[in-house]
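**Student:** Below you will find the structure I want to go over with you.
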Amino acid sequence: RARVLGMLLVHLDGEHRLNLRRAPDVRAACREAYGPPDGPLVVSLRELLGVIGAHEWRAKGVDVPALGARIHPHYGVFSPVRGEYVDLVARAPLPGSGAGPRPRTAFDIGTGTGVLAAVLARRGVGRVIATDTNPRAVVCARDNVERLGLAGRVDVLRTGLFPPGRAALVVCNPPWLPARPTSAVEQGVYDPGGAMLHGYLAGLAAHLEPAGEGWLVLSDLAEHLQLRTREQLLESIRAAGLRVVDRLDVAPRHSRATDPDDPLHAARAAEVTSLWRLGNAQEAF
Numbered sequence: 001r002a003r004v005l006g007m008l009l010v011h012l013d014g015e016h017r018l019n020l021r022r023a024p025d026v027r028a029a030c031r032e033a034y035g036p037p038d039g040p041l042v043v044s045l046r047e048l049l050g051v052i053g054a055h056e057w058r059a060k061g062v063d064v065p066a067l068g069a070r071i072h073p074h075y076g077v078f079s080p081v082r083g084e085y086v087d088l089v090a091r092a093p094l095p096g097s098g099a100g101p102r103p104r105t106a107f108d109i110g111t112g113t114g115v116l117a118a119v120l121a122r123r124g125v126g127r128v129i130a131t132d133t134n135p136r137a138v139v140c141a142r143d144n145v146e147r148l149g150l151a152g153r154v155d156v157l158r159t160g161l162f163p164p165g166r167a168a169l170v171v172c173n174p175p176w177l178p179a180r181p182t183s184a185v186e187q188g189v190y191d192p193g194g195a196m197l198h199g200y201l202a203g204l205a206a207h208l209e210p211a212g213e214g215w216l217v218l219s220d221l222a223e224h225l226q227l228r229t230r231e232q233l234l235e236s237i238r239a240a241g242l243r244v245v246d247r248l249d250v251a252p253r254h255s256r257a258t259d260p261d262d263p264l265h266a267a268r269a270a271e272v273t274s275l276w277r278l279g280n281a282q283e284a285f
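If you read the sequence shown in this note's numbering, its first letter stands for residue 1, the second for the next number, and so on.
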């Protein structure tokens, strides 16, 4: 079905109108995805459906129980519809937690909608610096931070991976599958060659404060699809001069995990999402 929808083309006029009988008004959705009209366009029906869906998600938002609020994803930015990874960040013990103060600074690498940065700020982290290379994500995260009243505590920067300096906590939820995206919508799902995952691990130790932690949030779906092994992940952690402090696991709650007709049912049914708490290997246990 997806292949057929990708082969069907539709024409949008110079004002982003779809001139077909009983066609919906897609002008606002196309403006959000493509910017102001600049002449006629021809797009696949699959892409247009994605544009319309993104517009609807942006308008109504996605409920995030960990925030007690909604996050409004923009077109081309990964939507937090799978809330289990957000819940992991909401319940993992903060570095130095207990009777001590909350971390003064945290980094959220590849922030997307800004949902994890917002969760950290709500948990009491003094300042969160959120980064992303995707300009759409930067605009989206700033919009959500503003909506949540957190603009004074969360800074969103367009930069590659790490901002300057060190932090007590450095969080990253990279795309979970080491494959190449074929559209803007897929950029939050596929990480070509695992570049973001390995870049985060390689640079983490240099950006951690003493006794700081890196939180890697990652599904093992790639392992079940034989795209990566657990030993390869652990070796990447060791090679980066890191150690595993702890790991929190959660099973997926999305409908595909229980759908026997899904072609990836076996892998999805066995999938586990984990928050890996990582520390500097040179520091004492």
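All C-beta atoms in this analysis are idealised placements derived from N, C-alpha and C, irrespective of residue type, glycine included.
Please classify residue 92 as buried or exposed, where buried requires at least 16 neighbouring CB atoms within 10 angstroms.
**Tutor:** By 1-based counting over the sequence shown, the position of residue 92 is 92. Burial call: buried.
**Student:** Excluding the 5 residues flanking residue 47 on each side, which residues of the same chain have their C-beta closer than 6 angstroms to its C-beta?
**Tutor:** Residue 47 sits at position 47 when you count from the first residue of the sequence shown. The answer is none, since no qualifying residue turns up.
**Student:** Keeping to the same chain, check which residues put their C-beta closer than 8 angstroms to that of residue 115; ignore five residues upstream and five downstream.
**Tutor:** Translated into the one-based positions of the sequence shown, residue 115 becomes position 115. Excluding residues within five positions, the ones whose Cβ falls inside 8 angstroms are 64, 67, 71, 80, 86, 144.
**Student:** Are the CB atoms of residue 153 and residue 121 nearer to each other than 8 angstroms?
**Tutor:** Looking up residue 153 in the sequence shown gives position 153. Looking up residue 121 in the sequence shown gives position 121. Going by C-beta atoms, residue 153 is nearer than 8 angstroms to residue 121.
**Student:** Mark residue 16 as exposed unless 16 or more other C-beta atoms lie within 10 angstroms of its C-beta, in which case mark it buried.
**Tutor:** Within the sequence shown, residue 16 is the residue found at index 16, counting from 1. Residue 16 comes out buried.
**Student:** What residues in its chain sit with their C-beta under 8 angstroms from that of residue 241, if we drop five residues either side in the sequence?
**Tutor:** On the sequence shown, residue 241 is found 241 positions in, with the first residue counted as 1. Here the set comprises 205, 280, 281, 282.
**Student:** Beta-carbon within less than 7 angstroms of residue 57's beta-carbon, same chain only, minus the 5 sequence neighbours each way: which residues are those?
**Tutor:** The residue given as residue 57 occupies position 57 in the sequence shown. Correct list, in chain order: 73, 79.
**Student:** From the DSSP output, in three-state form, read off residue 45 for me.
**Tutor:** Position 45 of the sequence shown, counted from the first residue, corresponds to residue 45. Residue state, collapsed to three classes: helix.
**Student:** Since I believe residue 275 is in contact with residue 88 (beta carbons under 8 angstroms), could you give me their beta-carbon distance rounded to a whole number of angstroms?
**Tutor:** Walking along the sequence shown from the start, residue 88 turns up at place 88. Walking along the sequence shown from the start, residue 275 turns up at place 275. That belief holds up - the Cβ atoms of residue 88 and residue 275 are roughly 4 angstroms apart, short of 8 angstroms.
**Student:** Can you pull the DSSP bridge partners for residue 216?
**Tutor:** As a working note, residue 216 is residue 216 in the sequence shown. DSSP, once it has assigned bridges, lists 172, 276 as partnering residue 216.
**Student:** Just the Cα atoms here: how many angstroms apart are residue 246 and residue 168?
**Tutor:** Within the sequence shown, residue 246 is the residue found at index 246, counting from 1. Within the sequence shown, residue 168 is the residue found at index 168, counting from 1. Cα-Cα distance, rounded: 16 angstroms.
**Student:** Mapping the DSSP letters down to three states, classify residue 28 as helix, strand or coil.
**Tutor:** Residue 28 sits at position 28 when you count from the first residue of the sequence shown. In the structure shown, residue 28 sits in a helix (DSSP, three-state: H, G or I).
**Student:** Quick one: residues in its chain with C-beta nearer than 7 angstroms to the C-beta of residue 196, no 5 flanking neighbours on either side, listed in chain order?
**Tutor:** Translated into the one-based positions of the sequence shown, residue 196 becomes position 196. 110, 174, 175, listed in sequence order.
**Student:** Confirm, please, whether the CB-CB distance from residue 166 to residue 208 is below 8 angstroms.
**Tutor:** Residue mapping note: residue 208 aligns to position 208 of the sequence shown, counting from 1. Residue mapping note: residue 166 aligns to position 166 of the sequence shown, counting from 1. Yes. Within cutoff.
**Student:** Residue 198 lies in the alpha helix (DSSP H); which residues open and close that run?
**Tutor:** Counted from its first residue, the sequence shown places residue 198 at position 198. Residues 195 to 204.
**Student:** Name the DSSP beta bridge partners of residue 190, please?
**Tutor:** Residue 190 sits at position 190 when you count from the first residue of the sequence shown. DSSP, once it has assigned bridges, lists 177 as partnering residue 190.
**Student:** In three-state DSSP terms, what is residue 12?
**Tutor:** Translated into positions along the sequence shown, residue 12 becomes position 12. Strand, per DSSP.
**Student:** If you drop the 5 nearest sequence neighbours on each side, which residues of the same chain put their C-beta closer than 7 angstroms to that of residue 39?
**Tutor:** Residue 39 sits at position 39 when you count from the first residue of the sequence shown. Answer for residue 39: 14, listed in chain order.
**Student:** In or out: residue 228 buried (at least 16 other Cβ within 10 Å) or exposed?
**Tutor:** Working through the sequence shown from its first residue, we reach residue 228 at position 228. Classification of residue 228: buried, given that the 10 Å Cβ count is 16 or more.
**Student:** Going by the beta-carbon positions, is the gap between residue 95 and residue 203 smaller than 8 angstroms?
**Tutor:** Here residue 95 refers to the residue found at position 95 when the sequence shown is read from its first residue. Here residue 203 refers to the residue found at position 203 when the sequence shown is read from its first residue. Their beta carbons are not under 8 angstroms apart, which means residue 95 does not touch residue 203 by this criterion.
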